[in-house]
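Notes follow the structure.
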Amino acid sequence: MRSLISRARKLCLSGILAVLLPSFAFAQEAGRLSSPGSLPAGFALVPFGVGESFDFRVQVRWFLVSGGGTATLAVEALDTVRGRPAYRLGFRTRGGITVFKINDQQRSWLDAIDLFSHRFEQKLNQTGYSKDRTYEFLPGSLRYESLAFPDDTGTLASAQPLDDVSFIYFIRTLRLQVGDEYTAPRYYRRDGNPVTVRVLRTERIKVPAGEFDAVVVKPIIRTKGLFAEGGEAEVWFTNDARHIPLKVRAKVSIATLTMELRSFTTASPQ
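Read in order, the letters of the sequence shown correspond to residues -27 to -1, 1 to 243 in mature numbering (1 follows the signal peptide of the UniProt record, and there is no 0).
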């Protein structure tokens, strides 16, 4: 049973999965597009804003066992961290399979000017496992520190660190043209670097939210999990400047995970 739960944890949409979650032209409009707005002075040019949210359907198949759940990704607010403006990003996952259930909440505070993470919060509630921690990233001293556990500190891999959630939004700012390959050694833990994104192809796909022109990427990360090197994983984004995440499909050992966009609301930067 412990082995089954350990393998199932690799499939949960918290942790490593969050590292990569890129004029719409589609047959069914399930979301609400706001008109482009002007960015505040000094803010980085980004394709998202406060109020943007994505709702996903999650399906997992493992041998003859299947299950699923939901996931929500959102730009919750514009906060201030150590005197700098930061987008508060949220990622919530619920569901699981027979032997493994999750109810996780993760948050990241992404600097609105230089696009690095100030803070990473995890509240994980999974079968046989729970964790509640908040990391403060201190790029000036190249360290990260845990508020609740003073001994849980380490050396940042980059002076512009990104965590599991903020990496999604950083990837969305990239061009994502077929044939391109991006390598970003900016994951805050050294053992997760470098993260690579290969842009494979374009295609038109249908998900519960509608039909979209998509660009397909293959993510690779230097740790175990959905996007481990040598694994089978692909992520679909809308093939436009907003890079809306549409679908994730990954195989881990004998299990397959599929995540598809059900509905969304977009917002201009504020």
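For each residue, glycine too, the CB sits at the ideal point set by N, CA and C.
Requested in this report: Report yes if the CB atom of residue 75 is closer than 8 Å to the CB atom of residue 58, and no otherwise.
Outcome: Numbered from its first residue, the sequence shown carries residue 75 at position 102. Numbered from its first residue, the sequence shown carries residue 58 at position 85. No, Cβ-Cβ distance for residue 75 and residue 58 is not below 8 Å.
### Range covered by the beta strand (DSSP E) that runs through residue 26
Numbered from 1 along the sequence shown, position 53 holds the residue referred to as residue 26. Counting along the chain, the beta strand (DSSP E) containing residue 26 begins and ends at 26 to 35.
- Identity of the residues DSSP links to residue 77 by a beta bridge: On the sequence shown, residue 77 is found 104 positions in, with the first residue counted as 1. Residue 77 is bridged to 66.
| query | Alpha carbon to alpha carbon, how far is residue 237 from residue 119? | reply | Along the sequence shown, read from residue 1 onward, the residue named residue 237 stands at position 264. Along the sequence shown, read from residue 1 onward, the residue named residue 119 stands at position 146. Straight-line Cα distance between these residues: approximately 33 Å.
- Message: Just to confirm before moving on: does the CB-CB distance between residue 35 and residue 240 stay below 8 Å?
- Response: Mapped onto the sequence shown, residue 35 falls at position 62. Mapped onto the sequence shown, residue 240 falls at position 267. No, they are not a contact pair.
task: Please say whether residue 26 and residue 33 have beta carbons closer to each other than 8 Å?
output: Walking along the sequence shown from the start, residue 33 turns up at place 60. Walking along the sequence shown from the start, residue 26 turns up at place 53. Contact: no.
Simplified DSSP state of residue 143, which is helix, strand or coil:
Within the sequence shown, numbered from 1, the residue matching residue 143 stands at position 170. In this structure, residue 143 counts as helix in the three-state DSSP scheme.
*Taking the alpha-carbon positions, what's the residue 98 to residue 154 distance?*
Position 125 of the sequence shown, counted from the first residue, corresponds to residue 98. Position 181 of the sequence shown, counted from the first residue, corresponds to residue 154. Rounded to the nearest angstrom, the two C-alpha atoms are 35 Å apart.
(Q) Is the separation between the beta-carbon of residue 135 and that of residue 90 shorter than 8 Å? (A) Working through the sequence shown from its first residue, we reach residue 135 at position 162. Working through the sequence shown from its first residue, we reach residue 90 at position 117. Yes, they are a contact pair.
Notebook entry, point to check: If you check the beta carbons only, do residue 65 and residue 235 fall under 8 Å apart?
Noted result: Stepping through the sequence shown from its first residue, residue 65 is reached at position 92. Stepping through the sequence shown from its first residue, residue 235 is reached at position 262. Cβ distance not < 8 Å, so residue 65 and residue 235 don't count as in contact.
Local Cβ density within 10 Å of residue -8, reported as buried at 16 or more and exposed below that: Position 20 of the sequence shown holds residue -8. Note that residue -8 scores a pLDDT of 38, beneath 50, so its modelled location is shaky; the value from the coordinates is reported in the next line. That one is buried.
Taking all protein chains shown into account, decide if residue 151 is buried (16 or more other Cβ within 10 angstroms of its Cβ) or exposed. Position 178 of the sequence shown holds residue 151. It counts as exposed.
| What is the DSSP secondary structure of residue 241, counted as helix, strand or coil? | For the purposes of this step, residue 241 is identified with residue 268 of the sequence shown, where counting begins at 1. Here residue 241 sits in coil by DSSP.
Checklist line | beta strand (DSSP E) runs wholly inside the region 92 to 155, at least 3 long, in chain order | finding: The qualifying runs are 102 to 111, 116 to 119.
* When you compare each of 189, 209, 160, 170 to residue 137 by their alpha carbons, which one comes out closest? -> Your numbering for residue 137 matches position 164 in the sequence shown. Residue 160 is the option with its Cα nearest to residue 137.
Output needed for residue 217: all residues of its chain with C-beta closer than 6 Å, excluding positions within five of it in sequence on either side, in chain order. Position 244 of the sequence shown, counted from the first residue, corresponds to residue 217. Answer for residue 217: 211, listed in chain order.
- prompt: Who are residue 89's beta bridge partners in DSSP?
  reply: The residue you call residue 89 lines up with position 116 of the sequence shown. Paired residues: none, contrary to the question.
inquiry  = For residue 80, count the other beta carbons within 10 Å of its own beta carbon; 16 or more makes it buried, fewer makes it exposed. Which is it?
reply    = Working through the sequence shown from its first residue, we reach residue 80 at position 107. Buried, because 16 or more other Cβ atoms sit within 10 Å of the Cβ of residue 80.
### Message
Here's a check: name, in chain order, each residue in its chain whose Cβ is nearer than 6 Å to the Cβ of residue 215, leaving out the five neighbours to either side.
### Response
On the sequence shown, position 242 is the one that residue 215 refers to. Same-chain partners within the cutoff: 20.
Where the beta strand (DSSP E) through residue 246 begins and ends
Because residue 246 is not part of the residues shown, which for the chain are -27 to 243, the question remains open.
task: Can you tell me the Cβ-Cβ gap for residue 88 and residue 146, rounded? I've got them flagged as a contact below 8 Å.
output: Residue mapping note: residue 88 aligns to position 115 of the sequence shown, counting from 1. Residue mapping note: residue 146 aligns to position 173 of the sequence shown, counting from 1. The Cβ separation is near 7 Å, so the contact holds.
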